[in-house]
Every structure is written in structure tokens, then in C-alpha cells.
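Data first, discussion second: the structure below is written as C-alpha cells.
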Amino acid sequence: AGFRFDQINFDVEGSEDEDDNILSDDEELEDSNSTSGLLHLLRSGILPTQLKAMFALCLLGMGGQDHVALNCLEKAIHSTELESWSEENSTFTKKYPSDERRWIIFQESLIAPVNKLSLLASVADMIQNDVKNDFWIPRLLDIFRHFLKDLDKNHGVDKILSGRCEVTRNNAVKLLYAVTELIISNAKSDLISSIETGIDEDKVAQQVVTDIVYAFKIIVRFEEVFWNPNESDWSLPNSSMKTLKLLSSALSALVQASSSGIANNLVQSIKNAFANSCHVMSIICRADSDTLDGLFGWTSSNEEYASEIWESFPLVSEWQLPFHKHISLKTFNLCVASCVSSFSGWEPNEFHLDSLRSRDNGNIFGISISGPSVAGFLSSYITDEIGSQWRMVNSILQNLESVEYERNLSRRMNAEWYQKVKDNLKKKGSEKNTIACFGEHDALRILLSFSNLSLIAAKHSEEDQKD
Numbered sequence: 051a052g053f054r055f056d057q058i059n060f061d062v063e064g065s066e067d068e069d070d071n072i073l074s075d076d077e078e079l080e081d082s083n084s085t086s087g088l089l090h091l092l093r094s095g096i097l098p099t100q101l102k103a104m105f106a107l108c109l110l111g112m113g114g115q116d117h118v119a120l121n122c123l124e125k126a127i128h129s130t131e132l133e134s135w136s137e138e139n140s141t142f143t144k145k146y147p148s149d150e151r152r153w154i155i156f157q158e159s160l161i162a163p164v165n166k167l168s169l170l171a172s173v174a175d176m177i178q179n180d181v182k183n184d185f186w187i188p189r190l191l192d193i194f195r196h197f198l199k200d201l202d203k204n205h206g207v208d209k210i211l212s213g214r215c216e217v218t219r220n221n222a223v224k225l226l227y228a229v230t231e232l233i234i235s236n237a238k239s240d241l242i243s244s245i246e247t248g249i250d251e252d253k254v255a256q257q258v259v260t261d262i263v264y265a266f267k268i269i270v271r272f273e274e275v276f277w278n279p280n281e282s283d284w285s286l287p288n289s290s291m292k293t294l295k296l297l298s299s300a301l302s303a304l305v306q307a308s309s310s311g312i313a314n315n316l317v318q319s320i321k322n323a324f325a326n327s328c329h330v331m332s333i334i335c336r337a338d339s340d341t342l343d344g345l346f347g348w349t350s351s352n353e354e355y356a357s358e359i360w361e362s363f364p365l366v367s368e369w370q371l372p373f374h375k376h377i378s379l380k381t382f383n384l385c386v387a388s389c390v391s392s393f394s395g396w397e398p399n400e401f402h403l404d405s406l407r408s409r410d411n412g413n414i415f416g417i418s419i420s421g422p423s424v425a426g427f428l429s430s431y432i433t434d435e436i437g438s439q440w441r442m443v444n445s446i447l448q449n450l451e452s453v454e455y456e457r458n459l460s461r462r463m464n465a466e467w468y469q470k471v472k473d474n475l476k477k478k479g480s481e482k483n484t485i486a487c488f489g490e491h492d493a494l495r496i497l498l499s500f501s502n503l504s505l506i507a508a509k510h511s512e513e514d515q516k517d
């Protein structure tokens, strides 16, 4: 951003009027003997603030001079000569197809003046999918977070997102994604380092939980930015697919941090993290916020459904709140969508064969509907994680009969339909993760991590709150 191309009037070409001559880039803009003005400052190595900002971008892009680049970037962001963001309206109002519209926004971003938001949005573009340098992640995150905090003092972020300038809105969205990604990446990096060195594990785990919760709050507050399924066919745009990857990574780190800590202050943080993760789950599972009512006030004082009487299968289900029912429905649909290419796991209604028959090119790769229930084909990671969590359930509910998960799983995997699916996939050379089209595998990892976090919270709760 920041460079404006010459606005050339081609109608004047060939004119004999000297006033109509096109200005050449080779001409002197000021007296060569002048000791003031732009050219003299440039020759003296003194860059205007906007060029300093662009210089910082160039250094970051080239690599190898990260410290200098971040210094330049920080000075530009703290400068009073750069505006925080532009309130100018977009120069186009016509409705364009989405692909063409992206090109127009790109063109506008090139000719728009540099401001702090556009500068950090350019940095966000640069580091996208390349957040690897542990040295500059914390510092860059600090720059992003301070700017976002200053921008939000007068509801600036909300004004931008609801405003008419698409370039500015697009930049704000990039910034929100970048901040969230950097928070999660930094938390994971700190956690790995702490585990490897064994230094301050409880302290680091506490900070990781705090940071992940902050990332959750950003996603919940700006839900319309992070989660936008297409309600016409329940496909997901790339932005929502990216959100799923961020949430999967965040919840995985949160579970890892929660599993390593037993200090009392960390137990309280785990419960807080669980509460915030419930709000995130209500968003991606399309559960209204009112479905969370009563979720955190439920205790075993309701003896009819208390966990002490959960001894044999099938377990009672009447204790479920609307929130739990939405989670159950979404889990089922996501599992089916992992095996059925023409079915989206984000469908609001439960999968049934009639809904599949209404679609063209419906292919069922890994489910069986011949028995009384739908049986499916899932990855070994998922089945192993489910087995681990059943063992944790048995450790919490010691009166519960053994589910014999491994034996039942082995019986299913030896079934004729299952073996036929495996053979067909091998013959076609299909990878399992290519069947799901809209992030269903990431979503299932999210659900497993959420389930794991719920069990950890229950494990560290008092007797009257375990349920």
C-alpha cells in the first residue's frame, strides 16, 4: 500500500501547449542546490514517515534484518504523522462479482494513502502461513495488540467493520486474524519450550491459558468476521476454514496446558477457559447464546440425573441442555460429512438418506446405513482419542460399567462393509482427508479437544460440580 500510479491524461498527447506536457519521473522536483525539501532529505538519508513504514515492510519481506525492521515498524506505528485508519468511503458502489470485487479492492489498496492499519494489514499478509520465527513473534504480537487496543478505545474497530470503506474493513479483518493467529502461535511456542526445559511449567501454563482465552474472546466478539457459513448450501468460505484451523490449534494447546498443571490457581483458570470455549462452540455449532443458560449453574443437587447413578448403558439423556443437543447433532453430521463428499457437516438438520438423494453426484465413501444406526469410517487419530477419553470417563465415574471401547471398535473394523470401504479407498488411491470438503476434520478435532477440556474441568472440580 502507499504507492500511487501517475494519473496520465492520454488525451493531451501530441499537444503543443507546454502546460499540457506530461511530467517525467526524471525531472528535478526542486533546485539541486536546495538544502530543504524532499529530495534533499532523501539524499541525506532522512526518510518521510510513510517511506519509513514502507522500508520496514521491505526489510521484513527480505528477511535477515528482523530487528531493524521491527524497530522501523514500531516507530512508524507510534508516529503522530500517520493516521490510524482512513474513513474515506470506497470509490466504487456498483455490485461486482466476488472475484472481480477482490481485484478492485486490491487496486484501491495500492492507491490509498499509507496509514497504521494498512501498514499492519500488509505485515499480516506477509506473515500469513509463515509464522515460524520465534524471535519476532512476541514483539510483533505486542505491536499488533497495542495498536488494536488503541484503535478500540473509541469503538474504532466496530466503526470500521460497519463502515462503507471496503479497503479499510478488509484491513481490519486481516489485523484481527493476524492477532488471533499470533496469540495462538506464541502460546504454543511458549508451552513447547516450557515442556522441553521443565522451567516454570505452571507459570507458563497459566499464561498460555490466559492468552488462549483472550483469543477466544476476540473470536466471540467479532463472530461475523470469523464465522460465515453459506446458508444456501452450508459450504464454508476460506476465512471460516481458517478459523477452524485456529480453533483446533488453540484448543489443542489449551488441553495440553490444562493437563500439565495442578496448582489451585490453574484449576480456576481451566474452568474459566472451559466457560469461554463453550461460547466459541455455541458459535460454530450454531447454538443460540441462550442455550448456554444454566450450563454453569447445574450441580448434582438434581439427584435424578446426577453422575452417581450413571452405572449402566444406555445412559440417561434427559439431563442434556439445548447446548448439549446442538453439540451432539453437529458431532453426528461432521462424522457423516467426513465420509460423504456431497454432504456438509454444517447442515443444521440431522443427516438422513433422503437429504442425500436430493443432491447430484452423491457418493457415500465410508458409512453403513444397513443396520439400526449409521456406522462410519473415521481416522485412527480420532478413534484413538475417543478411546483415551473413555478411559478418563471411567476414572471419573468409577461406578460406570466398562464400555469395552477397543473390543467394540475392533468388531466394527472387522465388519464386511468396513473392509470393503478400506479396499475401495486403496484402489482409488483416495486419501481420507480429501473426502471432507469444508473443514470437517478440523471441526472434529475441535470437538475432541473441547470434550477433553470438559473432562479435565470435571476431574478438577468439587464433588457437587463434577456433573
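This note's numbering numbers the first residue of the sequence shown as 51 and each following residue consecutively.
Note that the Cβ used here is the ideal one computed from N, Cα and C, for glycine as well.
Only a predicted model underlies this, so the values are computations on that prediction, with no experimental measurement involved.
The beta-bridge partner set that DSSP reports for V330 is empty.
Looking at the DSSP output, S285 shares a beta bridge with N280.
In this structure, the CA atom of S367 is about 11 Å from the CA atom of W360.
Across the structure, F185 and N288 are spaced so that their CA atoms are roughly 29 Å apart. Under the three-state reduction of DSSP, F373 is assigned to helix. Comparing C-alpha distances from S282 to each of P398, D116, N121 and G114 shows the shortest one belongs to P398. By the CB criterion at 8 Å, L132 and K166 fall inside the cutoff. For F488, the CB contacts under 6 Å within the same chain, skipping 5 residues up- and downstream, are S285, L286 and S394 in chain order. S235 and I187 do touch by the CB rule: their CB atoms are close to 6 Å apart, below 8 Å. When the five nearest sequence neighbours on each side are left out, the beta carbons in the same chain lying within less than 6 Å of the beta carbon of V259 are those of A307, S319 and A323, in order along the chain. The continuous alpha helix (DSSP H) containing F500 extends over residues E490 to K509. When secondary structure is reduced to three states using DSSP, V453 falls in the coil class, being assigned neither helix nor strand.
In this structure, the alpha-carbon of R462 lies about 11 Å from that of Y455. Pairing P279 with I334, the inter-Cα distance amounts to about 9 Å.
The residue from N502, I496, I262 and A222 with its alpha-carbon nearest to that of M291 is I496. Here the alpha carbons of V453 and V173 stand approximately 51 Å from one another. Proximity of the segment 490 to 508 to the segment 294 to 302 meets the contact definition, three or more beta-carbon pairs being nearer than 8 Å. In this structure, L169 sits away from A228, with a CB-CB distance that is not shorter than 8 Å. The criterion of a C-beta distance shorter than 8 Å is satisfied by Y264 and I233. Inclusion of I446 and K509 in the CB contact set at 8 Å is warranted, their separation being smaller than that value. For L459 and V305, the gap between their C-alpha atoms comes out near 25 Å. For C487, the secondary structure class from DSSP, reduced to helix, strand or coil, is coil. A465 is classed as exposed because its beta carbon has fewer than 16 other beta carbons within 10 Å across all chains shown. Measuring C-alpha to C-alpha distances from V217 to each of A325, S136, K238 and I377 identifies S136 as the nearest. Taking 8 Å as the upper bound for CB-CB distance, F266 and T293 are not in contact here, some 12 Å apart. T230 places its beta carbon less than 8 Å from that of I269. Remark: C-beta atoms of S309 and I506 approach each other more closely than 8 Å. Here the alpha carbons of E490 and T381 stand approximately 10 Å from one another. In this structure, the straight-line span from the alpha carbon of G113 to that of N121 is close to 14 Å. Annotation: K203 is outside any alpha helix (DSSP H) and is labelled neither H nor E by DSSP.
Put simply, of I432, W396, I177 and S391 the residue whose alpha carbon is nearest the alpha carbon of A486 is S391. Rounded to whole angstroms, the separation of the alpha carbons of Y431 and Q439 is 12 Å. CA-CA distance, H376 to R336, rounds to 8 Å. The C-beta separation of L316 from L494 comes to about 27 Å, leaving the pair out of contact by the 8 Å criterion. Look at R214 here: in three-state DSSP terms it is coil, with no helix or strand label.
The beta carbon of A119 is closer than 7 Å to those of A106, L109 and L110 in its chain, skipping five residues each way along the sequence.
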